[in-house]
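Everything on this sheet refers to the single structure shown next.
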Ligand code: T46
């Protein structure tokens, strides 16, 4: 079931004295069936990424190390989120323009996705995105 808005999901840390442990499970703390996981790491800290929306894809982004800033834009409002801890994930539904800025050089992002990679699901032109909302 599609959640209709971006939101921060707080994960329960089930770690102990040996260290932290977070477990992600589909349709539990991840609100969809997981079809793909990818990582963004070794960022070029001079550059931003993203600048697109998806027609269908839902994702949860978890910052495992370092930090970066996401901007989400639903065509009406733009909200900035700093991600800097593995105990929370940013849920991004479909039809959300996303930009990623201000990567720290040690930033590692894990992205949990509801669909396999499909270039035809991307809207990479902002005017086209705006005309669909
Ligand atoms: C998103 C943000 C958070 C693949 O072949 N398979 C994949 O699973 C992915 C994610 C990308 N690619 C190809 C597509 C492009 O030719 O790798 C290249 C770089 O992808 P892109 O420019 O879309 O990367 P970002 O960092 O701008 O966006 C990515 C995801 O593509 C996107 O879905 O929401 O991270």
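Numbering (the numbering used here), first residue to last: 742 to 874. Just so it is clear, CB atoms sit at the ideal spot from N, CA and C, and this is done for glycine as well.
(request) State the start and end residues of the unbroken beta strand (DSSP E) segment that holds residue 872. (result) Where residue 872 is concerned, there is no enclosing beta strand (DSSP E), although the alpha helix (DSSP H) it sits in stretches over 867 to 873.
Indicate whether the contact test is met: 3 or more Cβ pairs, each with one atom in the segment 783 to 790 and one in the segment 814 to 825, closer than 8 Å.
no
Q.
According to DSSP, is residue 821 part of a helix, a strand, or is it coil?
A. strand
inquiry  = Among the candidates 847, 752, 868 and 859, whose CA atom is the shortest distance from the CA of residue 766?
reply    = 752
Separation of residue 827 from residue 806, as counted between CA atoms
7 Å
_Best match in 852, 792 and 809 for proximity to residue 871 [C-alpha to C-alpha]_ = 792
Point to revise | Bridge partner(s) assigned by DSSP for residue 802 | key: 831 and 852
- Query: Sorry if obvious, but does the Cβ on residue 810 come closer than 7 Å to a heavy atom of ligand 1?
  - Reply: no
Taking the beta carbon of residue 764 as the centre, do at least 16 other beta carbons fall within 10 Å, making it buried, or is it exposed?
exposed
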